[in-house]
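Notes to accompany the following structure.
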Amino acid sequence: MIQSCSVQTNMQGEELREHGTRLFPVACYLDRLPQDEISWHWHNELELGVIISGSAVVEAGSIKYQIHAGEGFFINSNVLHTAAISDSGGCEIHSVVFHPRAVSGGTDNVIWQKYVKPLVDNQAEPGLHLTPDIGWHKQVLEDMDLIWRLAEKEEYGFEVYIRNALSAMITTLSQHQFRVSKKTFGKEQRNSARIKEMLSFIQANYDRELSIEEIASVCAISTSECIRCFRATISTTPIAYLKSYRLQQAALKLQLSTDKISVIAEKCGFQEMSYFAKSFKEVYGCTPSEYRSGK
Numbered sequence: 168m169i170q171s172c173s174v175q176t177n178m179q180g181e182e183l184r185e186h187g188t189r190l191f192p193v194a195c196y197l198d199r200l201p202q203d204e205i206s207w208h209w210h211n212e213l214e215l216g217v218i219i220s221g222s223a224v225v226e227a228g229s230i231k232y233q234i235h236a237g238e239g240f241f242i243n244s245n246v247l248h249t250a251a252i253s254d255s256g257g258c259e260i261h262s263v264v265f266h267p268r269a270v271s272g273g274t275d276n277v278i279w280q281k282y283v284k285p286l287v288d289n290q291a292e293p294g295l296h297l298t299p300d301i302g303w304h305k306q307v308l309e310d311m312d313l314i315w316r317l318a319e320k321e322e323y324g325f326e327v328y329i330r331n332a333l334s335a336m337i338t339t340l341s342q343h344q345f346r347v348s349k350k351t352f353g354k355e356q357r358n359s360a361r362i363k364e365m366l367s368f369i370q371a372n373y374d375r376e377l378s379i380e381e382i383a384s385v386c387a388i389s390t391s392e393c394i395r396c397f398r399a400t401i402s403t404t405p406i407a408y409l410k411s412y413r414l415q416q417a418a419l420k421l422q423l424s425t426d427k428i429s430v431i432a433e434k435c436g437f438q439e440m441s442y443f444a445k446s447f448k449e450v451y452g453c454t455p456s457e458y459r460s461g462k
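Numbering (the working numbering), first residue to last: 168 to 462.
Structural data, given as structure tokens:
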């Protein structure tokens, strides 16, 4: 049941991978950073993770968490999120991604109405940093550890016990969720819708020269509003995100294609090879050729 991480998205940044199965929509992942790329993406499922070794920066919308070994995180439904190592060492993450119906079974019962729906609908709670020094956080982390051990062994009845642990976590998270005014909630919804459209446009056109004006025009907003929306939602600028996405695509092409490095650089929107090589090393800590050879 435990799988390795592999994030693939459509043009709206929605993850394409099916988490678990239709009959049991729960999946556990072993993520090793920086080998496994966890770029900005979103999905309908809820996600919880625990840092097993090292440390990571996890971003959920505009919120950024520095998370260390023994700590964890929660990502709500439909929230843009990403993760990256926070130092030169590696990082190992155990995560579980599950559809709300794994707990509620459907939407015509008290479990959905009282516990699950209020949580998944609450975009004021895009994510959460879980630390063992807070009582209810510790309980969620212990439930996560139990789920992981059950998934590893897959003994008879493990699906029932995993569902029980997920139900306990949902109940705890729902009870302690943060709430904001409807006015603030509406603003966050608008920002989220806009950023998904603009990310979609960037991902479809990253291989050519792009301006902030073009990106902003996708949502018929000014450049200043475009920049504000990026900063408020994913804590970066449109141009910085564009550069980051180009480098991610270049790293993927270096692994999967035999094209010359200069060709890959051009295909990913970099017109100057020296700038591409410098930018790549700043992010991945090695040259493109070293990255391709696995050194």
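For each residue, glycine too, the CB sits at the ideal point set by N, CA and C.
Output the distance between the C-alpha atoms of I230 and V224, rounded to the nearest integer angstrom. Near 10 angstroms, if we compare the C-alpha coordinates of V224 and I230.
In whole angstroms, give me the CA-to-CA distance for N331 and I394. CA-to-CA, the gap between N331 and I394 works out to about 43 angstroms.
In chain order, what residues of the same chain have a beta carbon less than 7 angstroms from the beta carbon of S253, not counting five sequence neighbours either side? Cβ within range, chain order: S222, A223, V224, Q233.
By Cβ distance, which residues of its chain are closer than 8 angstroms to I388, with the 5 residues on each side in sequence left out? So the qualifying residues of the chain are R361, C396.
So, using beta-carbon positions, are G228 and L213 closer together than 8 angstroms? Going by beta carbons, G228 and L213 fall outside the 8 angstroms limit.
On the criterion of 16 or more Cβ atoms from any shown chain inside 10 Å, does D198 qualify as buried, or is it exposed? Buried, since its Cβ has 16 or more Cβ neighbours within 10 Å.
Count the other C-beta atoms from every protein chain shown that fall within 10 angstroms of the C-beta of M365, then say buried if there are 16 or more, exposed otherwise. A residue is called buried when at least 16 other Cβ atoms come within 10 angstroms of its Cβ; M365 meets this threshold and is buried.
Length of the line joining the Cα atoms of V226 and H208: Just to set this straight, residue 226 is Glu in the shown sequence, not Val. E226 and H208 have their alpha carbons spaced roughly 11 angstroms apart.
Who are the near neighbours of G452 in its chain, counting only those whose CB is closer than 7 angstroms to its CB and skipping five residues on each side? Correct list: empty, nothing qualifies.
Of the residues S359, L409, S367, which one's Cα is nearest the Cα of C435? Measuring from the Cα of C435, the nearest candidate turns out to be L409.
Distance between I379 and T404 (C-alpha atoms, nearest Å): T404 and I379: Cα-Cα distance of roughly 9 angstroms.
Assign F397 to one of three DSSP states: helix, strand, or coil. If DSSP states are grouped into helix, strand and coil, F397 belongs with the helices.
Under a three-way DSSP split, which group does F325 fall into? Helix at F325.
From I369 to I382, what distance separates their C-alpha atoms? The C-alpha of I369 lies about 7 angstroms from the C-alpha of I382.
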